[in-house]
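Read the structure below first, then the notes.
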Amino acid sequence: MNWALVGASTIASQYMIGALRAQGGTVRRVVSGSADHAARYAQEHDIPHSGTDLDAALADEAVEAVYISSTNEKHHAQAMAAIAAGKHVLCEKPLALSLAEAREMIAAAEAAGVALGVNHHLRHAGSHRAIRETIAAGRLGRVLSLRVFHAVHLPEHLRGWRLDNPGAGGGVIPDITVHNADTVRFLLQEDPISVVAQSASSGMGQGVEDSAMSVWSMPSGAMVFSHESFTHPYTTSGLEVHGTEGSLIARGVMAQEPEGALELVTADGRSALPFDKTSLYETAVAGFMRAARTGKTPSASGRDGLLSLMIALAVRQAADSGQCQTLEYGAAT
Ligand code: NDP
0 MNWALVGAST IASQYMIGAL RAQGGTVRRV VSGSADHAAR YAQEHDIPHS GTDLDAALAD
60 EAVEAVYISS TNEKHHAQAM AAIAAGKHVL CEKPLALSLA EAREMIAAAE AAGVALGVNH
120 HLRHAGSHRA IRETIAAGRL GRVLSLRVFH AVHLPEHLRG WRLDNPGAGG GVIPDITVHN
180 ADTVRFLLQE DPISVVAQSA SSGMGQGVED SAMSVWSMPS GAMVFSHESF THPYTTSGLE
240 VHGTEGSLIA RGVMAQEPEG ALELVTADGR SALPFDKTSL YETAVAGFMR AARTGKTPSA
300 SGRDGLLSLM IALAVRQAAD SGQCQTLEYG AAT
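Mapping of the sequence shown onto numbering that gives the first Met the number 0: position 251 corresponds to residue 250, and the numbering continues sequentially without gaps.
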């Protein structure tokens, strides 16, 4: 598959160019807001064509798919243009800044018959798939609660728009809560019905929150706790799923690398659970390419992007208002 990159970003540079190439993809073009940046980026990553003109890149008939990793406020317009040009679209999270934009992207992709995926990498991790299998096999019994620990120390080189630009979709909620939302949806196979939350600026965020904690109610009765932050230098990520027959303790799994450890605790004692260590991003790209080829739904679809955004926006609204937010999933989801 021939790809155009839209956005000359860190994530494309660190993970996605390699993941696309590892699946036999060719990265043919990169489009950026800055011609110099695009040219340097193309040279560094051995990409034959670069420029600032998205329409020109989309007019290239050899380009079959675009990977969008620009700042968040650009995702919607760039995806709509790519879909209109008949390209498959793998878009970074958050899919868009508003639910109306996300719905428009999904409807356009359906009408055009192209695949629309969102790059929620965590559901593609061997660790998370092993947790899902453990829950589905009933080894935890009825799930009572799930706690997600996703506080990190934002690396120096990413301390830009995420921390001071609400217009670009900055803040920890659009950045990390969306990932937690997708992970919880994937693990429990259900969507929250209400959320309460608080958020804070605890040292990095300027005009946007850099930390949030929220509690979600699930239709099954399970309770979910989600913690995300940019400002925590010494913590470890992880999650815990607690059921009537067992608990699963996952350490270091809210990560970009296939790392961490899983421990199952039941009446029989404690045991380590093995899991597949394939690259998360390669698995995500392989799933997306399969969907584009077959016309099936991507493993993280536009709808998954819409729902993770819906949950994250409810968390932000709950934190801003101090009021419990009810989530209603109508026909539009
Ligand atoms: P970056 O800040 O690295 O890149 C975002 C944009 O900033 C680029 O597209 C580019 O704009 C501009 N930019 C970056 N460096 C330069 C430079 N040296 N000179 C000029 N412009 C520059 O963001 P990230 O890679 O961290 O994030 C990009 C997207 O990916 C976001 O939507 C984010 O949410 C998502 N993301 C997803 C992850 C995942 O695991 N799924 C992990 C990290 C990020 P232009 O578009 O004009 O080229």
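Glycine included, C-beta positions come from ideal geometry on N, C-alpha and C.
Contact under 8 Å by Cβ, residue i with residue j
i, j, result
"L261", "L279", "no"
"A106", "C90", "no"
"V314", "S219", "no"
"V171", "F229", "yes"
"G355", "G251", "Beyond the ends of the chain as shown, which are 0 and 332, falls residue 355; an answer cannot be given."
The beta strand (DSSP E) enclosing residue i, as first and last residue numbers
i, result
"R250", "245-250"
"A333", "Residue 333 lies beyond the stretch modelled for the chain, which goes from 0 to 332, so this question has no answer here."
"L238", "237-242"
"Y66", "64-67"
CA-to-CA distance, residue j to residue i, given in whole angstroms
i, j, result
"G321", "H226", "17 Å"
"Q13", "A266", "43 Å"
"V194", "S68", "29 Å"
"L115", "P165", "25 Å"
"D209", "H44", "32 Å"
"A80", "A58", "11 Å"
"V65", "W160", "23 Å"
"A37", "D174", "24 Å"
"T332", "C323", "21 Å"
"H48", "R28", "5 Å"
"G140", "V264", "12 Å"
"M334", "R184", "Limits of the chain in this structure are 0 at one end and 332 at the other, which puts residue 334 out of reach."
"M104", "R269", "46 Å"
"D35", "Q188", "45 Å"
Distance cut-off 7 Å: residue i Cβ against heavy atoms of ligand 1
i, result
"A63", "Residue identity differs from the one stated: residue 63 is Glu in this sequence, not Ala. No, Cβ of E63 sits at least 7 Å from all heavy atoms of ligand 1."
"G169", "no"
"I310", "no"
"L157", "yes"
"D174", "yes"
"S69", "yes"
"T9", "yes"
"H48", "no"
"E91", "yes"
"H149", "no"
For residue i, the first and last residue of its enclosing alpha helix (DSSP H)
i, result
"G38", "The identity of residue 38 in the sequence shown is Ala, whereas the question assumes Gly. First-last of the alpha helix (DSSP H) with A38: 34-44."
Neighbour flag for residue i against chain D, beta carbons, 8 Å
i, result
"E155", "No chain D is present in this structure, which holds just one protein chain."
Local Cβ density within 10 Å of residue i, reported as buried at 16 or more and exposed below that
i, result
"G85", "exposed"
"D54", "exposed"
"D303", "buried"
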